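Novice:
Protein chains in written order, with the working numbering: chain A, 31 to 145; chain B, 487 to 602.
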């Protein structure tokens with residue numbers, strides 16, 4: 031059974047460039063989450079989708095960040111333009127329902143380095 | 487809004503030692519509680535969860551956790567650690583129900599290093 035699939039695993043790019051991170055949730059899961067993990071702030075929820083609709087984007091740091099979920103099996107997180115302070119590990123997670131008794135399953139993450 | 491605090495940033499133990507990692511949460515209502523583990527270079531995996539019932543929950547790999555409601559705590563324990571338990575451990579909480587029940591709030595994590 032395939033888990034949450036993220037790509038790329040690693041991304042190194044120069045500041046100012048556009049970065050696109052991709053996520054394929056577990057089939058049948060209708061809730062999708064994007065998190066950012068840094069040493070300073072730990073794991074932070076960026077955005078939550080339910081049935082492909084963004085429900086809570088209050089964690090998105092600023093307008094440079096955008097996320098889409100065009101269908102139930104694919105989501106993107108885009109940063110444009112990227113800055114060095116965006117360097118972090120970005121995780122995608124999915125769950126069967128967006129409720130607390132359905133554990134979230136995490137992907138392997140994308141380690142992003144902005145030079 | 488809920489918050490989670492993990493008392494120890496880094497714990498170093500020898501193999502066969504007993505482990506207890508502290509976790510306290512802050513929230514005015516009923517919660518569900520989780521422990522996740524992140525092995526080096528890997529994704530977060532669910533270790534165990536508490537929703538209701540017996541406050542002592544058992545998870546994978548010999549881990550257990552006890553929910554003490556009066557102390558707002560959910561400490562993780564293992565009687566005898568192995569080198570393969572070297573990882574970072576995250577406590578997390580969600581509201582039991584309501585509009586924000588998807589909101590999984592994590593602690594900052596505790597890094598466990600087990601020395602052979």
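Beta carbons are placed, not taken as given, at the ideal position from N, Cα and C, and that holds for glycine. This structure is a prediction, so every number in the text was calculated from the model and none was measured.
1) Closest to residue 569/B by CA distance: which of 511/B, 599/B, 497/B and 580/B is it?
2) List, in order along the chain, the chain B residues whose C-beta lies closer than 8 Å to that of residue 61/A?
3) Three or more beta-carbon pairs under 8 Å between the region 67-74 of chain A and the region 581-597 of chain B, yes or no?
4) Restricting to Cα atoms, I'd like to know which of 530/B, 533/B, 519/B and 601/B is closest to residue 539/B.
5) For the region 523-550 of chain B, list every residue whose C-beta sits within 8 Å of some C-beta in chain A, in sequence order.
6) When DSSP labels each residue in this structure, what does residue 583/B get in the three-state scheme?
7) Where residue 571/B and residue 560/B are concerned, what is the direct C-alpha to C-alpha distance, given to the nearest angstrom?
8) With DSSP run on the structure shown, which of helix, strand or coil describes residue 66/A?
9) Whole angstroms are fine: how far does the CA of residue 524/B sit from the CA of residue 547/B?
10) Report yes or no: is there a C-beta of chain A within less than 9 Å of the C-beta of residue 593/B?
11) Among the residues of its own chain, which have a CB less than 7 Å from the CB of residue 503/B, if the five just before and after it don't count?
12) Which residue spans inside the region 530-570 of chain B form an unbroken alpha helix (DSSP H) run of at least 4?
13) Confirm, please, whether the CB-CB distance from residue 116/A to residue 36/A is below 9 Å.
14) Quick one: which chain B residues come within Cβ less than 8 Å of residue 133/A?
15) With distances taken Cα to Cα, identify the nearest neighbour of residue 541/B among 527/B, 517/B and 530/B.
16) Please report whether the beta-carbon of residue 553/B lies at a distance below 9 Å from any beta-carbon of chain A.
17) Can you give the Cα-Cα distance for residue 553/B and residue 105/A, rounded to whole angstroms?
18) Hey, could you find the ends of the beta strand (DSSP E) residue 80/A is sitting in?
19) For residue 543/B, I'd like the list of residues in its chain whose CB is within less than 6 Å of its CB, leaving aside the five on either flank, ordered along the chain.
20) Three-state secondary structure (DSSP) at residue 116/A?
21) Which of helix, strand or coil does DSSP assign to residue 94/A?
Specialist: Reading from the atomic positions:
1) The shortest C-alpha separation from residue 569/B is found at 599/B.
2) 588
3) yes
4) 519/B
5) 528, 529, 530, 531, 532, 535 and 537
6) Residue 583/B falls in the coil class under three-state DSSP.
7) 19 Å
8) strand
9) In a straight line, the C-alpha of residue 547/B is about 14 Å away from that of residue 524/B.
10) yes
11) 567
12) none
13) no
14) 520, 532 and 535
15) In terms of CA proximity to residue 541/B, 517/B leads the group 527/B, 517/B and 530/B.
16) no
17) 35 Å
18) 72-80
19) Setting aside the 5 residues that flank it on each side, residue 543/B is surrounded in the same chain by 534, 536 and 551, each with a C-beta closer than 6 Å to its C-beta; the list follows chain order.
20) helix
21) coil
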